[in-house]
Amino acid sequence: MKPNQKDVEATRFKYLFLLPALILIFAVVIYPFIYNIVISLSNMSMSHFHDWQIVGFRQYAKVFSEPIFYSVLGKTVVWTIVNVFFHVVIGVFLAVLLNRYLPGKGIFRTLLIIPWAMPQYITALTWRGMFNYEYGAINLILSRLLHLPMVQWLKNPTDAFAACILTNIWLGFPFMMVIAYGGLQSIPKELYEVADVDGASGWQKFWKITVPHLRPVMIPAIVLGVIWTFNNLNVIWLVSNGGEPSDKTHILVSYVYKAAFNLYRYGYAAALSMVIFFILLLFGINFIRKTRATEGAY
Amino acid sequence: MAEVILKGVSKVYEGNVHAIKDISLEIADREFLVLVGPSGCGKSTLLRMIAGLEDITSGEIQIDGHTVNQLPPKDRDISMVFQNYALYPHMTVYDNMAFGLRIRHFPKDEIDNRVQEASRILGIEKLLSRKPKALSGGQRQRVALGRAIVRKPKVFLFDEPLSNLDAKLRVHMRTEIKKLHQRLKTTMIYVTHDQVEAMTMGDRIAVVKDGILQQHDTPMNLYNNPVNIFVAGFIGSPAMNFLEGKIEDKKVVFGGISMDIPPGVRTDGISDVIVGIRPEYFILNDVSPHFTAQIEVVEPMGNEIFVYFQLGKKSVVARIPADTKVRPGDALPLRINVGMVKLFDPESKVSLSC
Numbered sequence: 005m006k007p008n009q010k011d012v013e014a015t016r017f018k019y020l021f022l023l024p025a026l027i028l029i030f031a032v033v034i035y036p037f038i039y040n041i042v043i044s045l046s047n048m049s050m051s052h053f054h055d056w057q058i059v060g061f062r063q064y065a066k067v068f069s070e071p072i073f074y075s076v077l078g079k080t081v082v083w084t085i086v087n088v089f090f091h092v093v094i095g096v097f098l099a100v101l102l103n104r105y106l107p108g109k110g111i112f113r114t115l116l117i118i119p120w121a122m123p124q125y126i127t128a129l130t131w132r133g134m135f136n137y138e139y140g141a142i143n144l145i146l147s148r149l150l151h152l153p154m155v156q157w158l159k160n161p162t163d164a165f166a167a168c169i170l171t172n173i174w175l176g177f178p179f180m181m182v183i184a185y186g187g188l189q190s191i192p193k194e195l196y197e198v199a200d201v202d203g204a205s206g207w208q209k210f211w212k213i214t215v216p217h218l219r220p221v222m223i224p225a226i227v228l229g230v231i232w233t234f235n236n237l238n239v240i241w242l243v244s245n246g247g248e249p250s251d252k253t254h255i256l257v258s259y260v261y262k263a264a265f266n267l268y269r270y271g272y273a274a275a276l277s278m279v280i281f282f283i284l285l286l287f288g289i290n291f292i293r294k295t296r297a298t299e300g301a302y
Numbered sequence: 441m442a443e444v445i446l447k448g449v450s451k452v453y454e455g456n457v458h459a460i461k462d463i464s465l466e467i468a469d470r471e472f473l474v475l476v477g478p479s480g481c482g483k484s485t486l487l488r489m490i491a492g493l494e495d496i497t498s499g500e501i502q503i504d505g506h507t508v509n510q511l512p513p514k515d516r517d518i519s520m521v522f523q524n525y526a527l528y529p530h531m532t533v534y535d536n537m538a539f540g541l542r543i544r545h546f547p548k549d550e551i552d553n554r555v556q557e558a559s560r561i562l563g564i565e566k567l568l569s570r571k572p573k574a575l576s577g578g579q580r581q582r583v584a585l586g587r588a589i590v591r592k593p594k595v596f597l598f599d600e601p602l603s604n605l606d607a608k609l610r611v612h613m614r615t616e617i618k619k620l621h622q623r624l625k626t627t628m629i630y631v632t633h634d635q636v637e638a639m640t641m642g643d644r645i646a647v648v649k650d651g652i653l654q655q656h657d658t659p660m661n662l663y664n665n666p667v668n669i670f671v672a673g674f675i676g677s678p679a680m681n682f683l684e685g686k687i688e689d690k691k692v693v694f695g696g697i698s699m700d701i702p703p704g705v706r707t708d709g710i711s712d713v714i715v716g717i718r719p720e721y722f723i724l725n726d727v728s729p730h731f732t733a734q735i736e737v738v739e740p741m742g743n744e745i746f747v748y749f750q751l752g753k754k755s756v757v758a759r760i761p762a763d764t765k766v767r768p769g770d771a772l773p774l775r776i777n778v779g780m781v782k783l784f785d786p787e788s789k790v791s792l793s794c
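Residue numbers (our numbering), protein chains in the order written: chain B, 5 to 302; chain Y, 441 to 794.
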């Protein structure tokens, strides 16, 4: 059947409304993404800034042939797992507490969301100050209150990495708490009452009722958490001061940033960022499929 | 098997809100007691207090001779069925039914036997591997019943279990629960706001209003001998008609009608009364009618007809035989079955029957 003039006009009208969004998405997502793919296949760098050429998969080969890629990838995995684990555990724990009868609940809720509401770079720099060997709050607490030896937080690679993780755990748990709190409020209270009548303990109720009901909301939040943490440049960069000491605290994204904007290895950095993209894409698809997160409980 | 005794049970919420006021009630072993009342009257609160899901402010609750005031729900040996079924959505029907037994560390074979037996009783054998979202409302309610049955508790508690079902299924499940009671021979306490459910299911009915127990008795006694206007109006459908009347020369006068005082009614020193007439107390009679009704609305129900008309200044309803030829505007000669009419004190609202 041939569409009549009215239908064609109506369709055009719909596209007209979509046009601004399409232009914006093309400008800030699609074009940079395609440009990044092109650069990743090129030799663009400080020495070939204007005269860059397509060199095929040479940059990808370089990424995979350098041992540092694997050590940074390993650190990134540890960084992501430890951070997301504590974000979820602390977030769910606090959400469960907030969901109970608690005097002054509103005040606690507001206080607990503050780390998330603060600009990330302010928190990161504040924590960097707190990790200062001589004057930082952490060492003062360790030495004066707990009478423990002070730690060279930002001098030793492992301690510096731990300092970055601590900062990011502080920054990330409120998001998981807010999501879990919302999820908890949607669990019908009768389920807990039935379990009470059946004789379930608090722990059994948590594992048999709370956890299965939180799954559909927490799995997408965990996927987001993994992607955000995996790609979190700010905290690593600001707390460790650009991967110090001796580039030992890098995760992939800070390593890419350094390669691109400190060392001007644009082609290499673009190839590495494509590798990061595919790692996260594969993770996201597999995680959601395996956990069947998109299937609702009801 | 157990009797449940409530002695002066009260519940006061924060802000001095009295949800339950000094209720005393004895529910016999194997009895089916229905707690009925309008929304917010406290009947569910009372049930939840028996279950242990709500604290008791004062009074005592005994189950099978033991005071359970301080016992948590799990130690009261009760099962409860909720209005919204409260099935675990992530578990299969089998797991839902087995959950309580697993928690109590029953042997696997015993759990399997009990689940199979309960599913046979309820006709849900084929649904055991399904999850609740794949079940209809009626099937979900059966599973909720099954979960209660497998525990073999001393007392079953039902909190408006049929309210979420459609009218037809509700009637069907009503019979199923009644059959279940006859089969299990266990004490059951059933909360509903639906007086038809109460009348059809209960061995006895306890009527609650504003947290106060108004009357508890067999369905027929409640229907025929209500102690006050609330019970008289709440039980029965269509509801009892109430008319303002006076006692004059040993006669009851109301809406232009003068009739004898019903037997067994105290009217000494009383001049004003509320006259309560159930729709079926009006009888078609063209020989010696009390009055002629000008019919305003006719509602044929198939097995009977409801006719609405004005008596005095009030609209009243009468139940007449289905084969009566009547249309709006017709004049219908009616006689009142004087022996059944109820009189109430307009001040205290209580029945004047001895």
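Idealized CB from N, CA, C, for every residue including glycine.
From the options, pick the residue whose C-alpha is nearest to that of residue i; which is it?
i               : options                           : result
M628 of chain Y : Y:T507, Y:P786 and Y:S519         : Y:S519
I289 of chain B : B:V86, B:Y272, B:V227 and B:N266  : B:V227
T497 of chain Y : Y:K754, Y:G448 and Y:R591         : Y:G448
S96 of chain B  : B:L20, B:V215 and B:N245          : Going by the sequence as given, residue 96 of chain B is Val instead of Ser. If we check each option's Cα against that of V96 of chain B, B:V215 comes out closest.
N681 of chain Y : Y:D689, Y:E688 and Y:F670         : Y:F670
M489 of chain Y : Y:P478, Y:I501, Y:K548 and Y:A607 : Y:I501
N103 of chain B : B:Y139, B:M181 and B:Y268         : B:M181
A199 of chain B : Y:A588, Y:P547, Y:K594 and Y:T615 : Y:A588
G176 of chain B : B:T15, B:A128, B:V33 and B:R269   : B:A128
K79 of chain B  : B:L188, B:L195, B:G229 and B:G247 : B:G247
M727 of chain Y : Y:R775, Y:V444, Y:I714 and Y:E744 : The question names Met, but residue 727 of chain Y is Val in the sequence shown. Comparing Cα-Cα distances from V727 of chain Y to each of Y:R775, Y:V444, Y:I714 and Y:E744, the minimum goes to Y:R775.
K753 of chain Y : Y:G769, Y:Q734, Y:T764 and Y:L446 : Y:Q734
I223 of chain B : B:V82, B:A14, B:E197 and B:V88    : B:V88
V81 of chain B  : B:F135, B:N47 and B:T233          : B:T233
K592 of chain Y : Y:M613, Y:E557 and Y:S603         : Y:E557
K573 of chain Y : Y:D549, Y:M531, Y:D599 and Y:I561 : Y:M531
V201 of chain B : Y:R470, Y:V692, Y:L541 and Y:R644 : Y:L541
Which class does residue i belong to by DSSP, given the choice of helix, strand or coil?
i               : result
S190 of chain B : coil
E739 of chain Y : strand
Y721 of chain Y : helix
L475 of chain Y : strand
R587 of chain Y : helix
D599 of chain Y : strand
L541 of chain Y : helix
K594 of chain Y : coil
T507 of chain Y : strand
R644 of chain Y : strand
L116 of chain B : helix
K209 of chain B : helix
F135 of chain B : coil
R516 of chain Y : coil
T80 of chain B  : helix
K159 of chain B : coil
N359 of chain B : Look at the range of chain B in this structure, 5 to 302, and you will see that residue 359 of chain B is not part of it.
D708 of chain Y : coil
From the DSSP secondary-structure annotation, give me the bridge partner or partners of residue i.
i               : result
A733 of chain Y : Y:L772
A14 of chain B  : According to DSSP, A14 of chain B bridges with nothing at all.
K451 of chain Y : Y:I460
G685 of chain Y : Y:V713
N777 of chain Y : The partner list for N777 of chain Y (beta bridge, DSSP) is empty, contrary to what the question assumes.
R470 of chain Y : According to DSSP, R470 of chain Y bridges with nothing at all.
Q655 of chain Y : Y:V647
R759 of chain Y : Y:F746
E550 of chain Y : BP columns for E550 of chain Y are empty, so no partner.
Validate contact between the stretch 646 to 665 of chain Y and the stretch 490 to 507 of chain Y using beta carbons, cut 8 Å, 3 pairs: no
Contacting positions in the stretch 198 to 215 of chain B - beta carbon closer than 9 Å to chain Y: Correct list: V198, A199, D200, V201, D202, G203, A204, S205, Q208, K212 and I213.
Validate contact between the stretch 193 to 206 of chain B and the stretch 155 to 169 of chain B using beta carbons, cut 8 Å, 3 pairs: no
Residues within the stretch 182 to 199 of chain B neighbouring chain Y, beta-carbon criterion of under 7 Å: P192, E194, L195, E197 and V198
Members of the stretch 504 to 520 of chain Y that neighbour chain B once the beta carbon cut-off is set at 9 Å: P512, P513, K514, D515, R516, I518, S519 and M520
Near-chain B residues of the stretch 569 to 587 of chain Y (beta-carbon distance less than 7 Å), N- to C-terminal order: Within the stretch 569 to 587 of chain Y, contact with chain B at the beta-carbon level (separation under 7 Å) is assigned to K573.
At least 3 beta-carbon pairs within less than 8 Å: the stretch 637 to 649 of chain Y vs the stretch 671 to 678 of chain Y: yes
At least 3 beta-carbon pairs within less than 8 Å: the stretch 234 to 251 of chain B vs the stretch 146 to 154 of chain B: no
Near-chain B residues of the stretch 591 to 604 of chain Y - C-beta to any C-beta below 7 Å: Listed by position, the residues of the stretch 591 to 604 of chain Y near chain B (Cβ gap below 7 Å) amount to none.
Interface residues of the stretch 538 to 553 of chain Y facing chain B [CB-CB below 7 Å]: F539, G540, I543 and R544
Members of the stretch 628 to 661 of chain Y that neighbour chain C once the beta carbon cut-off is set at 8 Å: Protein chains in the displayed structure are B and Y, and chain C is not among them.
Three CB pairs or more closer than 8 Å across the stretch 39 to 59 of chain B and the stretch 273 to 288 of chain B: yes
Inter-stretch contact at 8 Å, needing at least 3 Cβ pairs: the stretch 262 to 274 of chain B / the stretch 452 to 472 of chain Y: no
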